[in-house]
Each structure stands twice: as C-alpha cells, then as structure tokens.
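K.L.:
First, the structure itself, so that you have it in front of you.
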Amino acid sequence: MKIAVSSVAPDLDAEVEPRFGRSRYFMLVDPDTLQFDSLENSSSVASGGAGISTAQMIANKGASVVLTGNCGPNAYRTLLAAEVQVVSGVGGTVRGAVEDYKSGRLKASAQASVDSHFGMGGWQRHEKKGATG
Amino acid sequence: MIVSVASGKGGTGKTLVATSLALSLDSAEEVELLDCDVEEPNAHLFLDLKLTKSWNVCVPVPEINELKCTHCGKCADVCAFNALAVLEKKVLVFPELCHGCGACSYLCPEAAIVERDREIGVVEGGASGNMLFFQGKLTIGEMMAPPLIKATKKHIDKDRMVFIDVPPGTSCPVVEAISGSDFCLLVTEPTPFGLNDLALAVGVARELQIPCGVVLNRSGTENSAVEDYCRQEDIPVLLKIPLDMEIARAYSRGIPLVRGIPSWREPFRQLFRDIRQRISDN
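Those sequence lines, one after another, are chains A and B. Using the numbering used here, the letters of the first sequence map in sequence onto residues 101 to 233. Using the numbering used here, the letters of the second sequence map in sequence onto residues 208 to 489.
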C-alpha cells in the first residue's frame, strides 16, 4: 500500500502542502516501513486542469490514499474514479500525517473540500468558505 | 478596416466608446459593430435594433469508445488543457475544460475517440440603418469564450468599417477579439487600477503588433499618471471624456453618448479620422 501526501518539499519532515493540484511535491510513502519516493509534480504550474492531471499522475503511480490540505471537485472526481481514497484537511508534517492515518485518526472525505481554482491564489480567503460550506 | 475597442480593466467605457464611434459614422459609412464581450454582451442595449438572426455555436469535445481504448494515455498527454484523465481502467473527460482543438482524436492510435458537438453559445445579428450588428452570447456557466468570439468574427464584412467591442482583461478572449485589427483603441480611466491594466493591455497589443491609442474616460483632475505613462510609451491620447453627471445619466438609461448629447458626435468623428490617419500612416 502506498500513501501519496502533498508536500512543500521532498522530505518526510516537510509540511503538508495545503493545495492538491498545485502541490510541487508528493511523497509516496509506504506506511509500514516509512520508505518513500518523492515525486515532483509537473502539473503544479499548469495553466488549467492541474488537479485533474495531478490526480491522474498520483493514481497511475499506484497510490491508494491521498493525504492533502484541500482537494477541488475535478481532482476529487478523478481520484474517486481511480478508486483512490481522499483525506483532506490534513496539516502538519508528512511523517505526522502518515502516522495519523495509520492510527485511524484521519477520516476519508466524502466530497471535494474546496471549489475549482482554489489553489490559484487568494486561497486563504477561499479556504474559509470551503471550511464553512 | 477593423478597429477594436479594448481596455484591460473592466468598466472603463469600452461599450460607450464602441457604440458612439459606430453611431457617429452611421450616416457617412457602412458600419459594422461586433460585441465580442461574449460573457456579458450589452452593446445591443444602446442600439435601436432587433436581433433577427441567431446561429448556434459548438465546440467539438471527445467521446471515448471504451471498447477500443487501451488506456495508453496519449490523449491526456497531448491535451494542453488537462481536459482528459486516463486511468488504469477508464478515461474521464472534462468537457468544460476542452477547447475543441481535436489533438486527442487525431493522435489516438486506436481511433477510440470520436468528437461530438457541444453547444457553448449563440451568435446573434441584426441591422439598423447603415449598421450591421453581431454579438456572441456565451451560455451561462460556460468558460470557453475564444471559440465563440472566433465565430462572431466570422461575420466581419471587410468592406465595412468594423468596430469590435472587446471583453475586459488581457487573456485569451482579448487576444482572440483584437487579433487581425488594424488599430486597437484602449479605453482607460485615471485610477491606479486603470493605469495598471492599461499597461498590460498595451503589452498585448504590442505583442500582436497592433498600433494603439488611448481614450481617457472619466477624465478629471487626476489624469497625470495615465498621461505621463502614455507620453513615456509614445501612445497617443486620442480623446478625453470627462467625469460628468449628464453623460452618466443618459448612459444609464441606455442612450448612447452621441445620441444623448449630440455635441459629442463631432469629437467621435474626429477620433475616427485620427484613427484612420494613423492606420494609413502605419
């Protein structure tokens, strides 16, 4: 089993990146051994559809779970179709997030956590909207 | 001759200038006005005409034949807009992101992609006096303005004096709308926001090698920053329209400036003569 965690740097002790499609790195972690691959996400700078192509990349790398801050509707739909479980609202370090997932403290999200284009700037403002709506 | 009226910042007076320019000439020239602000076309509100014709505009979007598809991923690789996701066992299509370029179906090695038409809006047309008028109207919720702008511009009659009311901004819809123009009139206002976006719009016009000039709307005592910029960049300020209650009052009732205040007819005719001179000098 592999867990993909959006990450601000290619390091287990880096912070979880709050955006999914616009995340520069993903850590593909084996939760039992904590062995990992770090993936650079070329879609993070896409002009549009970053969530979709990031989701495709993550699914095709064989991840069965995604841990991230926020996930928009198109990325969510793609991950759902690929049968990848999505957990949004995750913060702290990548290592801590994987530990929390293993211990059952994180629950899968039943829907996208934010609207489209959340990761394209002004996202602190949108995050509030996502959290209440 | 094609003159596009753009701005960068929204709400600076593109439609005011485009309608008054067209109407100031309508007795002397065969005029055509295109409203390419397809997300919110409003020029027709100021014109005394009926939209008598309508054409549906579609873009082709891919449909996947899962029986033929081997999930090789080539279609998603070539899609510049990430409108396709190829997963191990299925392909997802996001039609609202598709620009209809056709690369996916053209390059599919299994011929597993057919294109079907998806309607994104309409082009409507009408006439009044010597003026032909067309507007693009994007269906609410659609994002794909450029193909609709292209469809609207197909109605350009090059024998006429054509004015294009351009959408605000400086991205793809603006590029699509002003491409092919002989001159681009940039309408701005004397605010920091107006100046900032004017500079961006000038950048677009220069990239497209379209000569441009400025109309300073709501002009008053704070003009110096915009005028300094224009001097520095060697861009002519061709007309100033003051911040004036009488103009606002007529305009808010849907009366174009040159009809509401006929003394404005001559300044707009002079603006047109200046533009024509600049085009022929160019």
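Note that CB positions come from ideal geometry on N, CA and C, so glycine has one too.
Report yes if the C-beta distance between residue 366(B) and residue 486(B) is below 8 Å; otherwise report no.
P.N.:
Locating residue 366(B) in the second sequence gives position 159, where the first residue counts as 1. Locating residue 486(B) in the second sequence gives position 279, where the first residue counts as 1. No; because the gap between Cβ atoms is not below 8 Å, this pair is not in contact.
K.L.:
Of all Cβ atoms in chain A, is any one closer than 8 Å to the Cβ of residue 297(B)?
P.N.:
For the purposes of this step, residue 297(B) is taken as residue 90 along the second sequence, with counting starting at 1. Output row for residue 297(B): interface = yes.
K.L.:
Compare the Cα-Cα distances from residue 213(B) to each of 315(B), 232(B), 398(B), 419(B) and report the closest residue.
P.N.:
On the second sequence, position 6 is the one that residue 213(B) refers to. Checked all of 315(B), 232(B), 398(B), 419(B); the closest Cα to residue 213(B) is 419(B).
K.L.:
With residue 158(A) as the anchor, note down where its beta strand (DSSP E) starts and where it stops.
P.N.:
Numbered from 1 along the first sequence, position 58 holds the residue referred to as residue 158(A). Careful: residue 158(A) lies outside any beta strand (DSSP E), inside the alpha helix (DSSP H) at 150–160.
K.L.:
Identify which residue in 264(B), 339(B), 352(B), 332(B) has its Cα closest to the Cα of residue 304(B).
P.N.:
Translated into the one-based positions of the second sequence, residue 304(B) becomes position 97. Ranking 264(B), 339(B), 352(B), 332(B) by Cα distance to residue 304(B) puts 352(B) first.
K.L.:
Can residue 104(A) and residue 126(A) be called in contact, C-beta distance under 8 Å?
P.N.:
Here residue 104(A) refers to the residue found at position 4 when the first sequence is read from its first residue. Here residue 126(A) refers to the residue found at position 26 when the first sequence is read from its first residue. Going by C-beta atoms, residue 104(A) is nearer than 8 Å to residue 126(A).
K.L.:
Cα separation between residue 217(B) and residue 424(B)?
P.N.:
Looking up residue 217(B) in the second sequence gives position 10. Looking up residue 424(B) in the second sequence gives position 217. The straight-line gap from Cα to Cα measures roughly 12 Å.
K.L.:
Could you tell me whether any Cβ in chain B is nearer than 8 Å to the Cβ of residue 211(A)?
P.N.:
As a first step, residue 211(A) must be located in the first sequence, where it is residue number 111. Chain B contact via Cβ: absent.
K.L.:
Just to confirm my understanding: we take residue 187(A), look at its own chain, exclude 5 residues before and 5 after, and list those with CB closer than 8 Å. What are they?
P.N.:
Your numbering for residue 187(A) matches position 87 in the first sequence. Here the set comprises 165, 166, 167, 168, 201, 206, 207, 208, 209.
K.L.:
Can you list the residues of chain B that residue 66(A) reaches, using a CB-CB cut of under 7 Å?
P.N.:
There is simply no residue 66(A) to check, as chain A begins at 101 and stops at 233 in what is shown.
K.L.:
What is the DSSP secondary structure of residue 104(A), counted as helix, strand or coil?
P.N.:
Counting from one through the first sequence, the residue named residue 104(A) turns up at place 4. Residue state, collapsed to three classes: strand.
K.L.:
Can you tell me where the beta strand (DSSP E) with residue 242(B) in it begins and where it stops?
P.N.:
Position 35 of the second sequence, counting from 1, holds the residue named residue 242(B). That run of the beta strand (DSSP E) goes 238–242.
K.L.:
Alpha carbon to alpha carbon, how far is residue 381(B) from residue 159(A)?
P.N.:
To locate residue 381(B), count along the second sequence from 1; it is residue 174. To locate residue 159(A), count along the first sequence from 1; it is residue 59. Approximately 37 Å, taken between the alpha carbons.
K.L.:
Taking the DSSP output, what are the residues bridged to residue 140(A)?
P.N.:
If you number the first sequence from 1, residue 140(A) lands on position 40. 125(A), per the DSSP bridge assignment.
K.L.:
May I have the straight-line CA-CA distance separating residue 234(B) from residue 220(A), to the nearest angstrom?
P.N.:
Counted from its first residue, the second sequence places residue 234(B) at position 27. Counted from its first residue, the first sequence places residue 220(A) at position 120. Taking the straight line from one Cα to the other gives about 49 Å.
K.L.:
Could you pull the start and end residues of the alpha helix (DSSP H) that residue 182(A) belongs to?
P.N.:
Here residue 182(A) corresponds to residue number 82 of the first sequence, with the count starting at 1. Neither: residue 182(A) is in no alpha helix (DSSP H) and is coded neither H nor E.
K.L.:
What runs of the beta strand (DSSP E), each 3 residues or longer, lie entirely inside the stretch 266–323 of chain B?
P.N.:
Complete beta strand (DSSP E) runs here, min 3: 291–293, 298–300.
K.L.:
Does the stretch 259–270 of chain B touch the stretch 292–311 of chain B, meaning 3 or more C-beta pairs lie closer than 8 Å?
P.N.:
Touching, yes.
K.L.:
What is the DSSP secondary structure of residue 200(B), reduced to helix, strand or coil?
P.N.:
Not covered by the structure: residue 200(B). The range shown for chain B is 208 to 489.
K.L.:
Are the C-beta atoms of residue 153(A) and some chain B residue less than 8 Å apart?
P.N.:
The residue labelled residue 153(A) in the question sits at position 53 within the first sequence. Answer yes: the Cβ-Cβ gap between residue 153(A) and chain B drops below 8 Å somewhere.
K.L.:
What number of angstroms, rounded off, separates the C-alpha of residue 386(B) from the C-alpha of residue 397(B)?
P.N.:
Taking the second sequence and counting its residues from 1, the one referred to as residue 386(B) is at position 179. Taking the second sequence and counting its residues from 1, the one referred to as residue 397(B) is at position 190. Each residue's alpha carbon lies about 26 Å from the other.
K.L.:
Pull up the distance between the alpha-carbon of residue 371(B) and that of residue 210(B), whole angstroms please.
P.N.:
Position 164 of the second sequence, counting from 1, holds the residue named residue 371(B). Position 3 of the second sequence, counting from 1, holds the residue named residue 210(B). When rounded, the distance between both Cα atoms is 6 Å.
K.L.:
If you measure from the beta carbon of residue 318(B) to each beta carbon in chain A, is any gap under 8 Å?
P.N.:
Taking the first residue of the second sequence as position 1, residue 318(B) is located at position 111. No, residue 318(B) lies away from the interface with chain A (no Cβ there is under 8 Å from its Cβ).
K.L.:
From the DSSP output, read off the bridge partner residues of residue 448(B).
P.N.:
In the second sequence, the residue the question calls residue 448(B) occupies position 241. DSSP output for residue 448(B) lists 424(B) as bridge partner(s).
K.L.:
Check this for me: beta carbons of residue 189(A) and residue 218(A), under 8 Å apart or not?
P.N.:
Looking up residue 189(A) in the first sequence gives position 89. Looking up residue 218(A) in the first sequence gives position 118. Result no, Cβ atoms of residue 189(A) and residue 218(A) do not sit closer than 8 Å.
K.L.:
From the DSSP output, read off the bridge partner residues of residue 335(B).
P.N.:
For the purposes of this step, residue 335(B) is identified with residue 128 of the second sequence, where counting begins at 1. For residue 335(B), which the question treats as bridged, DSSP gives the partners 338(B).
K.L.:
Under a three-way DSSP split, which group does residue 357(B) fall into?
P.N.:
Counted from its first residue, the second sequence places residue 357(B) at position 150. In the structure shown, residue 357(B) sits in a helix (DSSP, three-state: H, G or I).
K.L.:
Roughly how many whole angstroms lie between the Cα atoms of residue 257(B) and residue 244(B)?
P.N.:
Reading the second sequence from its first residue, position 50 is the one you call residue 257(B). Reading the second sequence from its first residue, position 37 is the one you call residue 244(B). Those two C-alpha atoms are separated by around 19 Å.
K.L.:
Under 8 Å, with one C-beta from each stretch per pair, do the stretch 172–184 of chain A and the stretch 290–304 of chain B reach the 3-pair mark?
P.N.:
Judged by Cβ distances under 8 Å, the stretch 172–184 of chain A makes contact with the stretch 290–304 of chain B, as three or more pairs qualify.
K.L.:
Check the Cβ of residue 178(A) against every Cβ in chain C and list those closer than 7 Å, keeping chain order.
P.N.:
The structure shown has no chain C; the protein chains it does contain are A and B.
K.L.:
Can you pull the chain B neighbours of residue 148(A), defined as C-beta to C-beta under 7 Å?
P.N.:
Here the question's residue 148(A) lines up with position 48 in the first sequence. Those within 7 Å of residue 148(A) in chain B are 288, 289, 304.
K.L.:
When DSSP labels each residue in this structure, what does residue 213(B) get in the three-state scheme?
P.N.:
Here the question's residue 213(B) lines up with position 6 in the second sequence. In the structure shown, residue 213(B) sits in a strand (DSSP, three-state: E or B).
K.L.:
Where does residue 153(A) land, buried or exposed, given buried means 16+ other C-beta within 10 angstroms?
P.N.:
Along the first sequence, read from residue 1 onward, the residue named residue 153(A) stands at position 53. So residue 153(A) ends up on the buried side.
K.L.:
Below 8 Å CB to CB, which residues in the same chain sit around residue 474(B) once its five sequence neighbours on both sides are set aside?
P.N.:
Residue 474(B) sits at position 267 when you count from the first residue of the second sequence. Closer than 8 Å at the Cβ level, and outside the excluded window around residue 474(B), lie 446.
K.L.:
Short of 7 Å Cβ to Cβ, which residues in the stretch 180–194 of chain A face chain B?
P.N.:
Under the 7 Å Cβ criterion, the stretch 180–194 of chain A contributes 181, 182.
K.L.:
Would you decide whether residue 480(B) is buried or exposed? Buried here means 16 or more other CB atoms lie within 10 Å of its CB.
P.N.:
Reading the second sequence from its first residue, position 273 is the one you call residue 480(B). Exposed, because fewer than 16 other Cβ atoms sit within 10 Å of the Cβ of residue 480(B).
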